[in-house]
Each structure stands twice: as C-alpha cells, then as structure tokens.
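Contents: one structure, followed by commentary.
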Amino acid sequence: LENCDGAGKGSPGIDCKTPLSTAYMGHKLSGAPVFASLPMFSPVGLEDVDGTNAGHDNSSAYDPLDRISLEQCTGNSWCDEGRPERFRALLKIEPESGKTFHGSIAAQINVRVA
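The sequence shown begins at 24 in the working numbering and counts up by one.
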C-alpha cells in the first residue's frame with residue numbers, strides 16, 4: 024500500500040493523489056498529469072476495486088466520473104461494432120508449453136486539465 028498519510032516509512036507514493044482506479048503515468052512523462060485506466064473508468068474489469076484504491080490520500084483522491092460527463096460514441100461502425108467485447112482482456116496460452124502467444128487489453132489514457 025502507498026504511504027499516503029506519511030505515517031509509514033519513506034515518502035508518500037506517487038499514486039496517492041491520483042483519481043481512483045487509475046495509475047499515474049507522469050513519472051514516464053516528465054511529471055505530466057497523465058493517468059491510465061480501464062475504458063470509460065469502468066471498475067468492472069477490476070477484481071479488487073477496494074484493494075486497487077487502498078491507501079489513496081482520501082483528502083485528494085476522487086472518482087473521476089463525479090467530475091466529468093463521459094459518453095460512449097454511437098452511430099457509426101467504429102463505435103458500435105464489437106462492444107463491449109472490444110474492451111475485454113484476452114490471453115491465448117499454448118496448452119502444452121504454457122506460453123502466452125497472443126494477448127490484448129484495452130486501456131484509456133487520461134490527462135488532468137486544471
């Protein structure tokens with residue numbers, strides 16, 4: 024868990040002030056406010072939502088859907104075909120060796136605008 028309240032050893036983690044159910048990506052982008060999440064901020068693909076958000080700084084962490092209006096696109100083939108399967112994680116594993124030979128996962132990249 025992150026040391027967001029500063030009570031533990033070391034400094035607070037980099038994810039303490041991120042929106043809930045997101046991962047901070049700014050450490051790879053010169054500190055930019057960039058976060059990765061599941062598409063449409065959906066927690067459906069998370070096995071443990073509480074564990075994912077455990078340790079967040081409750082004074083600054085927030086549910087991004089409480090602050091924005093987000094709508095899925097509709098009305099054309101790119102938007103309508105393959106949903107919701109398009110966002111499903113997929114791994115193909117060779118049964119004899121146990122090696123993964125194909126995989127895909129959907130992700131959403133978010134930027135905080137002040």
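Glycine residues also receive a C-beta, built at the ideal position from the N, C-alpha and C atoms.
On a predicted model such as this, the values are computed, not experimentally measured, just so you know.
So A84 and K40 are in contact, right, with Cβ under 8 angstroms, and what is the actual spacing, rounded? 7 angstroms
Need the endpoints of the alpha helix (DSSP H) that S100 sits in, please. S100 to D103
Using beta-carbon positions only, say whether A59 and T45 come within less than 8 angstroms of one another. yes
Go ahead and label P118 buried or exposed: buried means 16 or more other beta carbons lie within 10 angstroms of its beta carbon, across all protein chains shown. exposed
Give every residue of the same chain whose Cβ lies closer than 7 angstroms to the Cβ of I37, excluding the five residues on either side of it in the sequence, and list them in chain order. Y47 and H50
Option nearest R111 by Cα separation, candidates S65, T97 and R135: S65
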